[in-house]
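Numbering (UniProt numbering), first residue to last: 1 to 431.
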Amino acid sequence: MDGVKDIDYLTFRDYLTGIYNRNYLEKFFRDKNYKNLAVVFLDFDNFKYINDTYGHHFGDKVLIKSAEKINSLINDEGELFRFGGDEFIIILVNKSLSEVEGVVQRIIDEFNCVFELEGKEIFLTLSAGIYMAKSYEDLYEIIRKADSALYVSKKEGKSKFTVFEEKIESQIKRRAELLVRLKKAVENKEFYLIYQPIFDVSKSKVLEVEVLTRWKCEDLGEISPSEFIPLLEETGLIREFGYFVLEEAFKQLKIWDDIGLELKLNINISPIQLRDKKLVLNIKKLKEKYKIDLSRVIIEITETQMIKNDEVQNKTLNQLEQLGISLAIDDYGTAYSQILNTVMVPAKEIKIAKEIIDLIDKDIRVNLMVKYMIELFRNLGYLVVAEGVENKQQFEFLKEFRCDKIQGYYIAKPMDNASIIELIKNGLDLK
């Protein structure tokens with residue numbers, strides 16, 4: 001009998017975590033009689049970063065700890081299965097949608113924080129897709145639909161869940177169409193740059209711009225960055241794309257220099273690019289090619305990237321700083337902020353996220369928070385930039401409390417090269 005039990009264990013248990021595996025998922029589905037069944041597809045956000053930074057052995061330990069945590073949160077309400085890699089499936093039988101959503105939200109909330117493992121601080125979130133199935137449906141069709149819902153969660157910002165709806169199928173089809181065209185778009189340089197002015201409060205004029213990228217697809221028209229940037233990262237094309245953006249930005253800076261416009265450039269860099277050992281070398285080459293003073297280049301990374309405290313990334317950031325490039329922390333206040341993490345990164349600017357700026361004058365607590373954020377970071381030696389400023393009330397509030405720079409539609413919308421030249425020549429008309 002022990003031999004039979006051993007065979008069953010090897011057949012139906014995941015070798016790493018000890019929880020049920022895909023074989024048992026199929027058996028569970030065949031053996032159970034149910035009227036309503038919810039399938040929850042869980043996937044960790046950016047788990048590859050854990051493996052790349054600390055190694056696969058440490059990544060395995062994170063998976064073991066995570067599986068234990070998810071199991072404890074499910075209690076006796078459902079069964080947990082490891083589907084493969086960092087993907088898990090939960091099956092809940094005869095539960096209402098609201099009950100399922102409650103379980104899933106509980107799990108997501110539990111992971112949306114920094115936790116420690118073997119002396120290392122880990123920030124690991126997860127996303128989920130939910131499909132409420134009927135008894136006559138095929139298991140792998142059910143899983144496909146839950147996976148489709150998961151894709152939407154990833155696309156819409158991660159660390160959330162999505163319940164499958166039929167309209168999601170069209171979104172998946174759209175994604176497939178974009179993937180087919182994306183490689184060709186990178187090779188053919190179908191992307192182009194536009195620039196959003198950034199207002200210097202003390203000088204009362206625009207002294208720098210943020211570089212933004214757009215894609216005009218030959219047969220699908222204009223594609224939003226929120227659609228194509230995640231796909232570039234997912235496919236690995238972000239490196240090639242990133243170097244295209246850097247070269248075009250440096251080329252534009254040289255053109256402005258030649259006509260007497262001494263602007264600074266803010267350029268967003270993907271975490272994948274920051275982990276590329278060729279990044280610093282390529283920037284040095286571009287500096288020599290276009291004769292650019294790198295003190296006029298500001299690299300923006302997101303607050304989420306900063307939280308990860310990646311050793312390879314931090315080494316690159318330090319090398320960029322040694323070249324004279326400044327670093328700005330973008331979208332500050334949208335993730336799990338820790339002041340200590342912030343001051344450990346060689347940044348010179350903090351960009352307060354639009355989500356916070358939107359609430360100025362709508363909530364007195366937000367007004368106080370923004371006021372003290374500006375004061376705190378200025379006292380720590382940072383320049384403070386407000387993003388997404390859309391009206392005069394926000395602008396005047398930020399000026400009053402000595403925000404250094406202001407960016408948003410109230411200042412100017414993103415524009416092409418000719419419009420930037422005209423704006424600098426004629427000055428900014430703030431009404």
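Don't be surprised by glycine CBs; every beta carbon is placed ideally from N, CA and C. Fair warning: this is a prediction, and the values are worked out from it, not measured in the lab.
Pairwise C-alpha distance: residue j and residue i
{"i": "Ile198", "j": "Ser98", "result": "45 Å"}
{"i": "Glu190", "j": "Trp215", "result": "6 Å"}
{"i": "Gln196", "j": "Phe228", "result": "20 Å"}
{"i": "Arg175", "j": "Ser148", "result": "11 Å"}
{"i": "Phe58", "j": "Asp76", "result": "29 Å"}
{"i": "Lys348", "j": "Phe377", "result": "10 Å"}
{"i": "Ile238", "j": "Glu321", "result": "22 Å"}
{"i": "Ile272", "j": "Asn94", "result": "42 Å"}
{"i": "Ile172", "j": "Lys160", "result": "18 Å"}
{"i": "Val201", "j": "Pro225", "result": "29 Å"}
{"i": "Met1", "j": "Asp31", "result": "Note that Met1 has pLDDT 45, beneath the 50 cutoff, so the model's placement of it is unreliable and the number below is only indicative. In a straight line, the C-alpha of Met1 is about 22 Å away from that of Asp31."}
{"i": "Ala67", "j": "Asp52", "result": "20 Å"}
{"i": "Tyr24", "j": "Leu231", "result": "33 Å"}
{"i": "Asn36", "j": "Ile142", "result": "12 Å"}
{"i": "Lys425", "j": "Lys371", "result": "33 Å"}
{"i": "Ala418", "j": "Ile298", "result": "22 Å"}
{"i": "Asp257", "j": "Glu177", "result": "40 Å"}
{"i": "Thr302", "j": "Glu355", "result": "14 Å"}
{"i": "Lys284", "j": "Ile255", "result": "19 Å"}
{"i": "Arg13", "j": "Ser270", "result": "38 Å"}
Buried/exposed call for residue i, threshold 16 Cβ in 10 Å
{"i": "Cys113", "result": "exposed"}
{"i": "Thr235", "result": "exposed"}
{"i": "Ser326", "result": "buried"}
{"i": "Thr11", "result": "exposed"}
{"i": "Val343", "result": "exposed"}
{"i": "Leu380", "result": "exposed"}
{"i": "residue 432", "result": "Absent from the structure is residue 432, since the part of the chain shown begins at 1 and ends at 431."}
{"i": "Arg106", "result": "exposed"}
{"i": "Asp416", "result": "exposed"}
{"i": "Leu261", "result": "exposed"}
{"i": "Glu210", "result": "buried"}
{"i": "Leu323", "result": "exposed"}
{"i": "Tyr34", "result": "exposed"}
{"i": "Gly129", "result": "buried"}
{"i": "Gly85", "result": "exposed"}
Proximity below 7 Å, CB of residue i to CB of residue j
{"i": "Asp331", "j": "Lys158", "result": "no"}
{"i": "Leu63", "j": "Gly78", "result": "no"}
{"i": "Ala386", "j": "Ile364", "result": "no"}
{"i": "Ile89", "j": "Phe47", "result": "no"}
{"i": "Val280", "j": "Ala146", "result": "no"}
{"i": "Ser127", "j": "Asp43", "result": "yes"}
{"i": "Val312", "j": "Arg275", "result": "yes"}
{"i": "Ile360", "j": "Gly333", "result": "no"}
{"i": "Phe250", "j": "Leu286", "result": "yes"}
{"i": "Phe395", "j": "Val389", "result": "yes"}
{"i": "Leu428", "j": "Val103", "result": "no"}
{"i": "Tyr131", "j": "Phe164", "result": "yes"}
{"i": "Tyr243", "j": "Asn188", "result": "no"}
For residue j and residue i, believed in contact at Cβ under 8 Å, the rounded distance
{"i": "Thr213", "j": "Leu193", "result": "6 Å"}
{"i": "Glu208", "j": "Lys264", "result": "4 Å"}
{"i": "Asn266", "j": "Ala328", "result": "7 Å"}
{"i": "Pro346", "j": "Leu317", "result": "6 Å"}
Item to complete: Mind listing, in chain order, the continuous alpha helix (DSSP H) runs of no fewer than 4 residues lying wholly within the segment 230-309?
Response: 238-258, 271-274, 279-290 and 303-307
Worksheet item: In chain order, which continuous runs of the alpha helix (DSSP H) of length 4 or greater are located wholly inside the UniProt domain "GGDEF" (35-166)?
Response: 47-54, 56-74, 97-111 and 139-155
Fill in: Entirely enclosed beta strand (DSSP E) segments - the segment 321-409, minimum 3 residues
326-332, 349-352, 383-386 and 405-407
Practice prompt. Please go through the segment 161-234 and give each complete alpha helix (DSSP H) segment of 4 or more residues, from N-terminal end onward.
Written response: 167-187
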